[in-house]
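A.B. asks: One structure, pasted below without further comment.
Protein chains in written order, with our numbering: chain A, 120 to 377; chain B, 1354 to 1843.
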């Protein structure tokens, strides 16, 4: 199940200083990322999205107050009626006070509100939840979001539940599933675990697959296989956060979609 | 002429005697009584035990002086309908200077009748040529309004002076007025003379009316009607600038802005916006107004043009100019932009669509948090979650019923069927028992009256998905035990 390219390493390696590896750069700041998940895996996908967006805001020294998260959803499109639980958010290390929940009547309104939030400099993350087809999300809409994210440095995450992949200007596209956890004593379910598959990456190799489990000590998701690899000699450049592999792929975005 | 009104708090429709009680020292005493209680011999100051002995059907409620004061403030504002000069006579009176206002309402008596009807409480009016006389008549007078017949209590002196007056055989103001003032001053104090002269109208008794603060408004009238929306917006921006200068001088910021557009054919159109924080920056308000215009069902219809544009700021709050700080400027600008964003989204989508999570001190998981409109939410630290078992990230609202097969009646589920799919349970932990909040139910302390206990299990199925599931009810006590899915763990 381990990926071909690890996205996270625990030890210092190669050119990269240890500091740059302190956070998991799977969802780079100031970009649009898509996360695909089936309806029952929504909690896993949200945990993946929120924990990464949140840890980045804190690691960049923005403080808890400035790291506002706007979570948007179109009310009518919800098949499973769910609410965020403040206690659950707190367990993932996210102060529920940072979260502002916005409910819109339609998906067009959601895109519009999300775009507006993305242009707001105080916001650290915009999380849009959609289910199903989401016909209004096309290349133009995604490109608008990308431009807004690049201009303001806001991370935009689009959660697509039960949806087909569609060409877009997103930086990365992930598929998230719940993974079996490592049982605690007495056969109790363990800490959160997700299986992340990188379906597309605009500036790097796609197709990696990682099994991430929650690290309660550091409050973030970690590659479960990374520890095993510690003993092996590390190849320079291989244990590099995703963002470092970036090439200049700005111009050929049209070609690289899907 | 002056009129004073002493009001008490009596819901007239209530057939049972009613009183407000307050703790004085170690005893509960009646703070005020209504008309029925008064007729049955109860009076303010009586202990509650005595009152109950006399009148077992007495309905009581704890007195709340701050709420009374707020209500009196509201009445004071309402009384401006009759006269601009209204003064507070704490704790339960109002003094209205109705000189020159009576003819508008058909005489002093008619004015008093209307004022009392508007106040909606049982009240006693008193009329006098000066404020002190009116006040004394309202509080202590008889129907005929004779100042000289007032008891000496009306002077509002301290107990010692009053006792001395009674010992001297002086029972009414009239008795006192016949004595030389010098003698009164020597025996009962300077204050007795001052009060007496005020009531008799020999000394001035000024009132301190509360002045209404001038409303913040601006208007523009045009010699020729204007029709283009952009022109109208330019005018509105100019008016907002004027209003901002007025508010700046008084250190205020607006929470609600109302624009009225008067069309040349007589039709009127209104626009109103509300903000989450007091603002006076014209650009910010203008942005919200544009937002409002964009979301209106029928856009601004100028017809043959607008004749005038009126701006009013009916709701204001203190807003102090902040000094430019050296540090943290960026963070504060970010916060301000977030507040502005929440305002914009709230105006477009409705304020209850933009919400924040707030903790509540409850045990039942779905009640332990509330979604509050973001404009009203206050920053609360979230309570520590370490004292109970982990909670899921997402809660189902309402909980989803599932069919469950458990190994033993009290044990965790072995497999369950949800949305036509069978899930095999791989790992399970529990139960975490959350009892019903019996103290919130009327018969909660009786057996079976508290509602059902929930046994929560954290389970993981063969696919690696983690659920939060509960059994609603206890085996052996309730008959139809249901299972519900209440949340999804990451």
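Glycine included, each C-beta is placed from N, C-alpha and C at the ideal position.
Between residue 1622 of chain B and chain A, is the shortest Cβ-Cβ distance under 7 Å, so that the two count as touching?
C.D. replies: Judged by the 7 Å Cβ criterion, residue 1622 of chain B is not in contact with chain A.
A.B. asks: Kindly indicate which three-state DSSP category residue 1455 of chain B falls into: helix, strand or coil?
C.D. replies: Residue state, collapsed to three classes: helix.
A.B. asks: Since residue 1834 of chain B meets chain A, which of its residues come closer than 9 Å, beta carbon to beta carbon?
C.D. replies: Result: empty, since nearest Cβ-Cβ is about 23 Å, beyond 9 Å.
A.B. asks: What residues from chain B crowd round residue 263 of chain A, counting only those whose CB sits closer than 8 Å?
C.D. replies: Simply none; closest approach about 17 Å.
A.B. asks: Should the region 257–266 of chain A be called in touch with the region 275–292 of chain A, which here means at least 3 C-beta pairs below 8 Å?
C.D. replies: At 8 Å Cβ cutoff, the stretches touch.
A.B. asks: Compare the C-beta of residue 1813 of chain B against all C-beta atoms of chain A and say whether one is closer than 7 Å.
C.D. replies: Closer than 7 Å: yes.
A.B. asks: Tell me, please, whether the CB atom of residue 221 of chain A is closer than 7 Å to any CB atom in chain B?
C.D. replies: So yes, residue 221 of chain A belongs to the interface.
A.B. asks: Counting pairs of Cβ atoms below 8 Å between the region 1559–1567 of chain B and the region 1510–1519 of chain B, do you hit three or more?
C.D. replies: The answer is no - the region 1510–1519 of chain B does not touch the region 1559–1567 of chain B, with fewer than three Cβ pairs under 8 Å.
A.B. asks: Would you call the region 1779–1798 of chain B in contact with the region 1830–1837 of chain B, where contact means no fewer than 3 C-beta pairs closer than 8 Å?
C.D. replies: No, because fewer than three Cβ pairs between the region 1779–1798 of chain B and the region 1830–1837 of chain B fall closer than 8 Å, the two stretches do not touch.
A.B. asks: For residue 1415 of chain B, which beta-bridge partners are listed by DSSP?
C.D. replies: Answer is B:1374, bridged to residue 1415 of chain B.
A.B. asks: For residue 1590 of chain B, name the three-state secondary structure that DSSP assigns.
C.D. replies: Helix.
A.B. asks: Whether or not the region 1438–1454 of chain B and the region 1397–1406 of chain B are in contact is what I'm after, with contact meaning three or more pairs of Cβ atoms, one per stretch, closer than 8 Å; do they touch?
C.D. replies: Counting Cβ pairs under 8 Å, fewer than three are found: no touch.
A.B. asks: Using Cβ-Cβ distances below 9 Å, what residues of the region 1717–1747 of chain B are close to chain A?
C.D. replies: Those would be 1718, 1719, 1721, 1722, 1724, 1727, 1730, 1732, 1733, 1734, 1735, 1736, 1737, 1738, 1741, 1743, 1744, 1745, 1746, 1747, in chain order.
A.B. asks: Could you give the distance in angstroms between the alpha-carbon of residue 281 of chain A and the alpha-carbon of residue 1808 of chain B?
C.D. replies: Each residue's Cα considered, the two are about 32 Å apart.
A.B. asks: Across which residues does DSSP place residue 1809 of chain B in a beta bridge pair?
C.D. replies: Looking at the DSSP assignment, residue 1809 of chain B forms a beta bridge with B:1785, B:1823.
A.B. asks: Are the CB atoms of residue 204 of chain A and residue 1745 of chain B nearer to each other than 7 Å?
C.D. replies: The answer is yes: Cβ separation under 7 Å.
A.B. asks: Only counting the same chain, and skipping five residues up and downstream in sequence, which positions put a Cβ closer than 7 Å to that of residue 1429 of chain B?
C.D. replies: Closer than 7 Å at the Cβ level, and outside the excluded window around residue 1429 of chain B, lie 1439, 1441, 1447, 1563.
A.B. asks: Tell me whether the region 1409–1428 of chain B and the region 1372–1379 of chain B touch, counting them as touching only if at least three CB pairs, one residue from each stretch, are closer than 8 Å.
C.D. replies: A contact exists between the region 1409–1428 of chain B and the region 1372–1379 of chain B.
A.B. asks: Can you check whether the CB of residue 1397 of chain B is closer than 7 Å to the CB of residue 1385 of chain B?
C.D. replies: The answer is yes: Cβ separation under 7 Å.
A.B. asks: Does DSSP put residue 1546 of chain B in a helix, a strand or coil?
C.D. replies: Here residue 1546 of chain B sits in helix by DSSP.
A.B. asks: State yes or no: is the beta carbon of residue 311 of chain A nearer than 7 Å to at least one beta carbon in chain B?
C.D. replies: Closer than 7 Å: yes.
A.B. asks: Is there a Cβ from chain B that is less than 7 Å from the Cβ of residue 307 of chain A?
C.D. replies: For residue 307 of chain A, the answer is yes, since a Cβ of chain B falls inside 7 Å of its Cβ.
A.B. asks: With burial defined as no fewer than 16 other Cβ atoms inside 10 Å of the residue's Cβ, what is the status of residue 1648 of chain B: buried or exposed?
C.D. replies: Exposed: under 16 other Cβ atoms inside 10 Å.
A.B. asks: For residue 284 of chain A, I'd like the list of residues in its chain whose CB is within less than 6 Å of its CB, leaving aside the five on either flank, ordered along the chain.
C.D. replies: Excluding positions up to five away in sequence, the list is empty.
A.B. asks: Taking the CB atoms as reference points, tell me whether residue 1817 of chain B and residue 298 of chain A lie closer together than 7 Å.
C.D. replies: Going by C-beta atoms, residue 1817 of chain B is nearer than 7 Å to residue 298 of chain A.
A.B. asks: If I follow the unbroken alpha helix (DSSP H) through residue 1467 of chain B, where does it start and stop?
C.D. replies: Here the alpha helix (DSSP H) through residue 1467 of chain B covers 1461–1472.
A.B. asks: From the DSSP output, in three-state form, read off residue 1500 of chain B for me.
C.D. replies: Of the three classes helix, strand and coil, the one that applies to residue 1500 of chain B here is helix, per DSSP.
A.B. asks: Are the CB atoms of residue 1690 of chain B and residue 240 of chain A within a distance shorter than 7 Å?
C.D. replies: Closer than 7 Å, so yes.
A.B. asks: Any beta carbon of chain A sitting closer than 7 Å to that of residue 1787 of chain B?
C.D. replies: So no, residue 1787 of chain B is outside the interface.
A.B. asks: Starting from residue 204 of chain A, find everything on chain B with Cβ-Cβ shorter than 8 Å and list it in chain order.
C.D. replies: Simply 1718, 1722, 1744, 1745, 1746, 1747, 1748, 1840.
A.B. asks: What does a CB cutoff of less than 8 Å around residue 1495 of chain B pick up in its chain, not counting 5 residues either side in sequence?
C.D. replies: 1502, listed in sequence order.
A.B. asks: With distance defined between alpha-carbon atoms, name the residue in B:1606, B:1763, B:1753, B:1780 nearest to residue 1772 of chain B.
C.D. replies: Nearest option by C-alpha distance: B:1753.
A.B. asks: At a CB-CB cut-off below 9 Å, which residues of chain A make contact with residue 1433 of chain B?
C.D. replies: None at all; the shortest Cβ gap to chain A is about 41 Å.
A.B. asks: By Cβ distance below 8 Å, which residues in the same chain neighbour residue 1548 of chain B in space, the five residues on each side in sequence not counted?
C.D. replies: Taken in chain order, the residues that qualify are 1485, 1508, 1509, 1510.
A.B. asks: Residue 320 of chain A bridges to which residues according to DSSP?
C.D. replies: Answer is A:291, bridged to residue 320 of chain A.
A.B. asks: Please compile the residues from chain B whose C-beta is within a distance smaller than 7 Å of the C-beta of residue 242 of chain A.
C.D. replies: Within 7 Å Cβ-Cβ: 1691.
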